[in-house]
Each structure stands twice: as structure tokens, then as C-alpha cells.
């Protein structure tokens, strides 16, 4: 269904070579009970290419209907755009009915965009039997094809897609790809550091047919991680940023954020807050975190005592207060948290060999010292903030909190211990964490340069043994997840790709874990299409 | 202590009328006898057929995650067969008496007059339990249903519950034997009484408290890691619930029965060093210590200003500041913010998970298992039974609360809301055809 929508109603564009006026597709995002954000980008003239700053100001029409044939139009309007915002269009379609499918499209002159399907959220307090979300992160264009998006688009049963960050990557060709192979070179052909670069890179990603199909099939709910700006970003810089040589960080991150707000279907404008909450009736709330804009610089490694300093933060004080305010016993049952980096503690096991340690260190960007947190870019590097969250959940007996996480190019299902020291004896867990793997980005077998499910398996077992709250770990697979939410439980299904470098890769269900209501724990279960 | 589960209860009985109350002695399982009392003029014969029976079973102090197919198979099966509310919560103060009162009244403590187990009685000048019938200022289901021509029963394992609900039900059981340390009757004895009541006068509605899980939780000295005694209590209570279900089925009453199972609060365990004594905190400020009276409720301390009135505001502000500074204190609240009413005093302090209050002395509360604080809010809450009214195999995301019991049960019988309305919400999604 989704694929048909993407290719269905587009009128001829001004230029076949550019794919038409609406060659970057359409999208929707941040569904609320009575409104949804609609997005597109127009190319009104051949010169109006992304990032150029060229092209006329235009007025783009939009309409949203209750049927796929656009016979029951419920709202329409126009929106102005131009080179100042890279000819992107964002409108809020309001006065919509809750928990309802809608179809939308744009017009410019005689050109008509592809149609997209979206869906509003259930009304506040409404009884909701089931929610289904696609969950994805870490899609590196250069490392392969976005088959994961195609498979999600084909499902036709998603309420929304949660993109947990690393929607695009900043690197140039040869800097980061599929092991040593650049499957598809980035454009521009160098690291993005300026507004023009970020715009052009966003535009390139938006030409991917699988990505377009998924955007047209379901509303996205997004947050950024680091690669939307630069690797291991923090509030004052990034690992992959050289102050001066690559400009000032403040200017670079502002450029990245401007391009992001232009090109992503998100209710965010520069200067505002990306962290935000969306509710889905009485069943679930979703708190989307921004863990890059307010965090202090990462510690040098896991042995650095500053990781436990209460003076350091990953959320910032205001976002922490907001998050704790969302994690309460009143309101929707499930407290879902869109969490760009892992919150469950993970310690480096002492049983890895040198090569395995090096691989883990490269994947995680952390230390290889056994017994200390292995990745200080995660919440592990900001223990005081994590303790605040854990203590809040425990003190107030807040149940049914599930962190949905990306970033780490691997699939995980974890309990979040009330107290890591006593967890092996008590099993007490305050929440669960479900981590989706990468759409394409390298993971451990790629780094170790070994076939999948060979060299990584021992590492996985060692990490699980050293961290008994980690119940599932797949360091090798690429793919996507589907989250199924009911009052009885939250289940994540992990789907893995046969071959990320193949444009037509199939996918198979790998495993499923459930978080039963009131348990705060992950348990293996049967999953799949329902 | 426990007895072997047995099917049914012998029906032989003896009626006596000493004084104004009526007493009925019914032979129970194992040759024991159960004595029930009734108001003057109450008939002992069961009402006519074709009605709906409803039962509220309180598994006192049970945590929702403790109901599992392995540990409590009968409770788990009952839960899964009906409508489960996994997000259910107890309400402040998360203690036994106020939450039982909320269940039966459908209103919060600021309307019922019952905010905690233990309060400072300003009239009598003593800290005491709210265990007198006159402490409860709001009508309960137990008497309101009688106004519809229905009969009600109370089978409450704890002395203080029997005390506060007094003679409100048509038929009552006074807990016995009462264990000297815990002040409650074992679940086996309580279930004997419930079965006798169902087998004898067979009220339309019975309110039952099973106290073993809570009492063992309190006296479990093994802390947070070894909870074998509590698990044994859970298993025993599960057996007793099984007896009840089997009895209803064998007596042909299951198909007309709605069974609501919930807890009044859950339980949290502290290690010995995690102890807060507000009296000790105030020791450095004698002018405050001497003007504060503390009613300790495990995980919550109720603080009453008893000093000169002109000093009240400044004194309470200073107390609040000192108490908040303790690492084990989660919050200090105004009673009105928790809808507790004047009986709750001037400030209510909650402890963090893994802590407990001990006042007025450090040795006053030696037990590690406590409740009353927010960590003990989650409770099991499900509506089940064989009645066609029960929605089978459903799970609701709604946050049911103890105060919802009265409107939910009341809806079965078309009982109107009390004057001023309910504070609770009828969980009618668990019922196919509620009558209001």
C-alpha cells in the first residue's frame, strides 16, 4: 500500500533529471490527537537545488483527506517557502479527529506530490487496545541500503515510526562506510560542517526510495543523536569537530540544527526544545529526549572518576525535571522514553581477548579496562543523572517505564537494575530498555572483520555474564524493530536484514522480548506479525 | 497455623440471641466453629435465587508482581480470567485502615475522616489507631446496599478493621483466633469464616480482608534478599483463595459471583540502618521537638503541631526544612495536597524506597517491611468471577485505585452515588452491563 502511495499521484515535474518538483517526497510527524505536522520540499526551478540558496519564493498548497482517493478533504491551505528555508515546507494540519488515518498531499502549480498516509494519536485518556511503532536508528547511506525502511513501510499497521537518531551521518566518502566499502558515496563528498553541507546531505537521504516510502506510510517521531551534527557531540563541541579548522562549534551545530528543522517532520525550531512528549490515550506517553544539546563533555574513559560527578549532566537540569515529571504514576500507563543512547549500565567484562576488546572499544568508543563502564558517551558516563532517574522510579514506584534506544548498532534487551550491586541476588528492576540495531551502520562483526555470528558471539556472552541484567544482545545484525504496546505488555520484535549492501535485502524476525505490565523486566517471548 | 483446604463448610448451625445482637455459630472446616453476628431483626436465611453475589477480597499488602502462575496459581488464574488493572495504585496514606475505608466509601480521607492507621487524637491527646466505628464519618457500601434491600457481610482478619467497620454489615465476623503479635486472624481462619458466611446467610456482598501476606511481610526479618517466609504466606493465601473459588463452584454460586481482588497497599523492605527518626532529627531544636507530636505509619510520619498557635507557621516551616534534609526523606507534604483532611495533622513526611520511619524512638519500629510511602502504591486489582457480568480475559491501562471499589461494586446493583458523589471511578469496563 505504502509503495503505491509514493509512486501514485505525482504529476509530472519540471525536469525529469531532477525527479520532479516533489523529488524529496512527503512526510508527516509528531502526531497529536487533533493535529499532525506535514512536510515536503519543493524544487520550483532547476536552479533551486538543496543548499544552493537559489530559487524563487513560492506558495505551496496542501490538503488532507479522510480517504486515500482525496474525496473527503478535511482541511487544506497554503504555505510559503523559499531559499531561506531551502524550499522545505512544514505545516500543522489541525482540527483532525483522534486515532484516525488521513491522507495528505501538496501542490505547486500543476504539480501534485505523492500522497502520504498519516495517523493522529488517540485522545487524552481514551482507551487504546494496541499501538504499533516502527523503531529505527543509525542509517548510514554509505554503508548500505535502507531496506529496513522498505519493510516497515510495507507493513501498513504502524501508528508511527520512532527514529532515535543518527538519521544521517556527517562523514565524507572513505571516512565511514560498510567496513571498507563505500556502497553509496555521500553528497557532498566530504564531511558536512556548514549549512550548505547539512542541507545537501539531508536532501540526498530524502531521495532514497525506501526512506521516502516509509515517510509516506506513517508519521515519524524523531530525535537526533550525534551524527546529525558530528560524532560524540556535546554542548560545547564534538569528537569529530576541530574548533577553528572546521569553524566554531556554535556555528556548526546551529547550521546542523537549522537544516534538521527544515528537512525533518518535527515540531521543532532552532532555539526551541527538541525534547517533547506525545501521548497516546491512556495507554502510553512518549518522551523524546535530546541528549546532545545540554550534556557536559564526555569523560576521558570509564575509569575517570568524573563519570559519577553530580556536577556533570547528560540531560541538563531543565530536561531532567521535565523527564521526571513525565515519569509518574498518573497519566498514561506506559511511559515510553525515546532515548538516543543506552541507559542500562554496561561494564567491560574481564574475559575478552585483545582483539575483542579492541573491537568493543571501537564500536563503543570507550575504554577497554575491565570492570568499568565501556561507553562514557552513554548514560554510563553520567552516573549521577542516571541515578536520579532510577531513584525517582524506585522511590515513587513508577511502573511500566520502557527506554527505547538506538545509537549502539546492536540489539539489546535489558532490565534497569534498582541497584546493580544487588541485582544478581534480587533481580529488582525499575524499568526496561529495548535497543534497536542499526539500519546500516557498522557493528561488531564489521569492526572485527569476521563473518556474522562468529567472533561476536563470545563477546556477547561475556558481556551478558558480566552484566546479568542484559538479557539479549546481538552485536552483528542490521535491521529494524517493531514495538507492540498493549495494556498487558510491551513487546519488541527485532527484524534483521539478510544483506545491508543489497538494495533488495529481505528481512526475518530474529527475536522478541516482552515487558509485562508492572514487571519492569524483559523476558523472551514469541513475536511477529499480529 | 494453616489448615488443610477443604471443600465447603458444614451447614449445621446454632442460633442464639444474647442481648441485642444476634449470633450464629456455624461449624467450620476441621471441626472448628465460626461465630457470626447480625443486627437485630436480620434474617439468617439466604435471599432468593437469581441475584448477583459480589465479593471483595483484599490480599493485604500484596505486591502486584507477586501474583504469578508459579507462586500464586489460583490468584493468577483468577486475574487472567477476568479484567486486570495492572496500573492500579493505593492512595495516601498507603496504610490498611484508610484504604479499606476508601474501598467501602468511595471517597478520599478528607471526606471519610480516616487518613491513616495511626493519628494523633487531639481531643484525647493520644496517638492511637483509627479503629473506632465513630472514626468513620461517611456511609459505606456495607450499609448503603442494605438500603436497597440487599444483605452485606464483613469478614476482616484484623482487629482494627473489625473495629472501624463495626456493625455496619448485615453479618459480621469478629476475627478469631487473633495472633498475639500481629493482631490478626490467620487466613485459614478468615477463610473458614467467609465460607461459613457464604454457606449460611449468603449475603449479596461480602468484604473480606486476608491479612497473612501483610503480617508476614512486616515481620520478615530477612530483608530484601531472602523472602521465603513471605512467599510461603503468598502460597498459603493463594490456597485460601482457591478454597473460596472452589466453594462457590461446588455450591453452584460461581456463575452468579463477581469477585474483586485487590490489595490495600504493597510492601517495601528496608535495611536496619535505613531508619529515620524525626524525633531524633528535632533533638537539636528542643523548642520544635517539644511542640511536635508524631503519629508513625511505617513509611509515613504524620506531624502535629501542639505548641503555641502564634508559633505554628514558623515552627512547621523549620520542621519541614529539617526533615527534608534527611537523605531518607522523599518529601514533606501538606495533608490537603494529599486529600487527607484535618485528622492527618499539619505535615506528612514520606520516606524513600528502602527506608522507614521509627518514631518517637529509634527502637519504635524495628520491622523492615513497611508501607505508607509512595514506593508501596502499586497494588493488584482485578475483577473476575463466573458471573456473565464479568468481562473475561481483558487488561485495562486505566489506573484503578482503592477508592474505585465502592462505585464499581455499587454499579452492579444500581446503587446511586452518595451525597457529594464518589471520589473514585467505577471500573465499569470490567463489567458487561453495569446498572449505572
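Chains as they are written, first to last, in the working numbering: chain A, 1 to 530; chain B, 1001 to 1436.
Positions of the beta carbon are idealized from the N, C-alpha and C atoms, including for glycine.
Quantities reported herein were computed from a predicted structural model and do not represent experimental measurements.
- If you ignore the 5 residues before and after residue 1084(B), its C-beta comes within less than 6 Å of the C-beta of 1382 and 1395, all in its own chain and listed in chain order.
- Counting only runs of at least 4 residues, the segment 1266-1312 of chain B fully encloses the following alpha helix (DSSP H) elements, listed from N- to C-terminal order: 1278-1281 and 1286-1289.
- For the pair residue 1173(B) and residue 1058(B), the CB atoms are not nearer than the 9 Å cut-off.
- Per DSSP, residue 1102(B) is one residue of the alpha helix (DSSP H) stretching across 1096-1105.
- Among the residues facing chain B, residue 386(A) is not included, as its CB has no counterpart in that chain under 9 Å away.
- Boundaries cannot be given for residue 1067(B), as no beta strand (DSSP E) includes it and DSSP labels it neither H nor E.
- Among the residues facing chain A, residue 1159(B) is not included, as its CB has no counterpart in that chain under 9 Å away.
- Against chain A, the beta carbon of residue 1065(B) has neighbours under 7 Å at 518 and 519, listed in chain order.
- Secondary structure note for residue 141(A): it is in no alpha helix (DSSP H), with a DSSP letter that is neither H nor E.
- The residues 85, 86 and 88, in chain order, have a CB closer than 6 Å to that of residue 262(A) in the same chain once the five nearest residues on each side in sequence are set aside.
- For residue 101(A), the secondary structure class from DSSP, reduced to helix, strand or coil, is strand.
- Cβ contact annotation for residue 446(A) (same chain, cutoff 6 Å, sequence separation greater than five): 179, in chain order.
- Within the model, the alpha-carbon separation for residue 403(A) versus residue 328(A) is close to 14 Å.
- With fewer than 16 neighbouring CB atoms inside 10 Å of its own CB, residue 387(A) falls in the exposed class.
- For residue 1087(B), the nearest CB of chain A lies under 9 Å from its own CB, placing it at the interface with that chain.
- The segment 89-104 of chain A and the segment 66-78 of chain A touch, with no fewer than 3 CB-CB distances between them shorter than 8 Å.
- The segment 327-347 of chain A makes no contact with the segment 189-200 of chain A: fewer than 3 CB pairs, one atom from each, lie closer than 8 Å.
- Pairwise C-beta distances place the segment 199-219 of chain A in contact with the segment 46-64 of chain A, as three or more of them are shorter than 8 Å.
- Residue-level contact by beta carbon holds for residue 1377(B) and chain A, with a gap shorter than 9 Å.
- In the three-state scheme derived from DSSP, where H, G and I count as helix and E and B as strand, residue 1034(B) is classed as strand.
- Taking a Cβ-Cβ threshold of 8 Å, none of the residues of chain A is close to residue 1230(B); the smallest such distance is about 13 Å.
- One thing to note: residue 1420(B) has its Cβ within 9 Å of the Cβ of residue 1107(B).
- The three-state reading of DSSP puts residue 1369(B) in strand, counting E and B together.
- Residues of chain A with a Cβ closer than 7 Å to the Cβ of residue 1374(B) are, in chain order, 395, 396 and 397.
- In terms of CA proximity to residue 337(A), 325(A) leads the group 346(A), 347(A), 325(A) and 348(A).
- Cβ-Cβ distances below 7 Å link residue 1432(B) to 1388, 1389 and 1391 in the same chain, with the five nearest sequence neighbours on each side left out; the list follows chain order.
- By the Cβ test, the segment 1290-1307 of chain B is not in contact with the segment 1393-1408 of chain B, since fewer than three Cβ pairs between them sit closer than 8 Å.
- With three or more CB-CB distances shorter than 8 Å, the segment 20-34 of chain A counts as touching the segment 113-125 of chain A.
- Identification of residues in the segment 1380-1399 of chain B having a C-beta nearer than 8 Å to some C-beta of chain A yields 1395, 1396, 1397, 1398 and 1399, given in sequence order.
- Within the same chain, and ignoring the five residues on either side of residue 1143(B) in sequence, the residues whose Cβ sits closer than 7 Å to its Cβ are 1168.
- Residue 1245(B) and residue 102(A) have their C-alpha atoms roughly 49 Å apart.
- Contact of residue 1053(B) with chain A is not assigned, every C-beta pair being separated by 9 Å or more.
- In the structure shown, the three-state DSSP call for residue 415(A) is strand.
- Distance from the CA atom of residue 1321(B) to the CA atom of residue 226(A), rounded to whole angstroms, is 42 Å.
- With distances taken between CA atoms, residue 416(A) lies nearest to 391(A) out of 295(A), 440(A), 437(A) and 391(A).
- Each residue's CA atom was taken as its position, placing residue 290(A) and residue 396(A) some 24 Å apart.
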